[in-house]
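Residues in the sequence shown are numbered consecutively from 1220, following the working numbering. A virtual CB, placed ideally from N, CA and C, is assigned to each residue, including glycine. One structure below.
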Amino acid sequence: MYTLTNVLRPYAWGSRTAISTLLGRAPSGGPEAELWLGAHPGSPSLATAPDCSTGSLDELIADDPDGMLGTDVRAEFGDRLPFLAKILAASQPLSLQVHPTLAQAQAAFAREEAAGIPQAAAERNYKDNNHKPELILALTDFEALCGFRPATESRAIFERLSALFETAEETFPQLLRDVISDLSAVEESEAGESTAIRTAFHRLITGGNEVTDAVSAVVTVLNAGPAAHPPHTAYQRELSTVVNLDSNYPGDAGVLLSLLLNRVSLRPGEAIYLPPGNIHAYLEGLGVEVMASSDNVLRGGLTPKHVDVPELMKTVEFRALPVPLIAAGSTELGQEIWQPPFREFQLQRAILEPDGPPIPLDQNGPLLVIAVTGSVILDSPRGDLILAHGDSAFVPARESPVNAHPVSGADAAAVLYAVTVPAAVVPPAEPAPTRQR
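Written out as structure tokens, the structure reads:
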């Protein structure tokens, strides 16, 4: 087993304290947006063996792929770790984004490589040839935009905006009148609704200065009118999100695109999974994020970075969908396992009570582990490893099975999260009934 030293990504949207508080260390003094755990070549973890030798995790896997990954994982995914885990801490909204399918990523990456576009170039879309389905588990209250709401709901929100303009005796922008018309052209079929959503989305993302002016007008009315005094306004949360997004990205098309999307609030312990094509944006909160090992992102707004509209339009799934909540399944010993319908990963949480029994960790090939509360002992056929609060480890396939033990004399429960490949892909468990999101 290897202890890990992980790379911290200091994106400007990151919280300055959430990750350091979670892991029990002093803050760096700057934004701490993502802590990467894994072997992605963009930010591979540094792995330290029991004999204190160290190496980049991706290089160690390349040197011994059978022992590190296992023959079954190698046969399916090649000689790379199929998953990437992150601790994500947002104090400001992330970009509106979508991830490609595997086939699209493979073809587009090859195309950009053949064209000689440097991977560091601002206009480069594809950093690797993999897809990036993902899951986010909230550790705190977590706010997000995720997937398209029904066109009729989006139309009702824009109509509510029109009414607020009328109350304020201001002229409702023609662009938004056109969006209402787009969303009203819904035929009695899924294809008809998809066309309506696509048309409205394209109008807003390509609107240029007209969109900038419309955003400014909307925010002015919202800040001055009844929408500034909750909870008396319909769609208050959606309209408050518009004001918040504009404060971070003034005049950005993503401010109004947010009204086409589901507005999601997760409580600690709730999770959503995001398949390719699901457009989304994380707004605020701390969570454990797991994904296929990829850094492919196509942005659609709420960012100063490159937005490739034609490529984005080919990637987004323009279909109204319910919020993709996923409930954890429980094992006999109390572990919780979130298993989305993806082949690359599953997420496990184990709570180790003081003086309680050891818990066998689910492991199908390689395993990543991070202790977020208290200390734990991992034991395998090849030895033991103690993880203090905030420590993480990589367990090679050759060291399966692994049990997690509480540290003797602990006065509180320890909590760890672990990521491995699922034994089989199953439909996600239906979440328990929840409040309106």
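- No Cβ-Cβ contact shorter than 7 angstroms links residue 1634 with residue 1582.
- Burial of residue 1471 is indicated by the presence of at least 16 other C-beta atoms within 10 angstroms of its C-beta.
- The three-state secondary structure of residue 1455, taken from DSSP, is helix.
- Across the set 1390, 1403, 1380, 1467, the C-alpha of 1380 shows the shortest separation from the C-alpha of residue 1453.
- Spatial neighbours of residue 1328 in its own chain (CB-CB distance under 7 angstroms, excluding positions within 5 residues in sequence) are listed in chain order as 1345, 1347, 1348.
- In terms of CA proximity to residue 1543, 1480 leads the group 1594, 1480, 1289.
- For residue 1503, the enclosing beta strand (DSSP E) stretches over residues 1499-1511.
- When the Cα atoms are used, residue 1418 and residue 1529 turn out to be separated by approximately 13 angstroms.
- In the structure shown, the three-state DSSP call for residue 1367 is strand.
- It is roughly 53 angstroms from the alpha-carbon of residue 1458 to the alpha-carbon of residue 1617.
- Within the DSSP bridge table, the entry for residue 1346 names no partner.
- Residue 1356 places its beta carbon less than 7 angstroms from that of residue 1507.
- Counting only runs of at least 4 residues, the region 1267-1302 fully encloses the following alpha helix (DSSP H) elements, listed from N- to C-terminal order: 1276-1282, 1284-1288, 1290-1296.
- Per DSSP, residue 1599 is one residue of the beta strand (DSSP E) stretching across 1595-1599.
- For residue 1393, the enclosing alpha helix (DSSP H) covers residues 1393-1403.
- Of 1554, 1563, 1269, 1558, the smallest CA-CA separation from residue 1577 is found for 1554.
- Between residue 1300 and residue 1257, the CB-CB gap stays under 7 angstroms.
- Residue environment: residue 1351 is assigned as buried (16 or more neighbouring CB atoms within 10 Å of its CB, all protein chains considered).
- Nearest to residue 1545 by alpha-carbon distance, out of 1284, 1488, 1573, 1437, is 1488.
- In this model, residue 1474 and residue 1523 are separated by some 13 angstroms (Cα to Cα).
- Between residue 1405 and residue 1415, the C-beta gap is smaller than 7 angstroms, which places the two residues in contact.
- Contact between residue 1283 and residue 1260 is ruled out by a C-beta separation of about 17 angstroms, above the 8 angstroms threshold.
- Restricted to the region 1521-1557, the beta strand (DSSP E) segments that are unbroken, complete and at least 3 residues in length are 1555-1557, listed in chain order.
- Shown here, residue 1624 sits in a strand according to DSSP, grouped into three states.
- The beta carbon of residue 1425 is closer than 7 angstroms to those of 1528 in its chain, skipping five residues each way along the sequence.
- Per DSSP, the continuous beta strand (DSSP E) segment holding residue 1491 begins and ends at 1490-1493.
- Nearest in C-alpha terms to residue 1547, of all of 1492, 1384, 1538, is 1492.
- Distance from the CA of residue 1556 to the CA of residue 1597, rounded to the nearest whole angstrom, comes to 18 angstroms.
- Sequence-distant partners of residue 1605 (beyond 5 residues in either direction) whose C-beta falls short of 6 angstroms from its own C-beta, in its chain, are 1596.
- As computed with DSSP, residue 1565 is found in a beta bridge with 1639.
- Out of 1483, 1610, 1330, 1512, the CA that lies nearest to the CA of residue 1362 is found in 1483.
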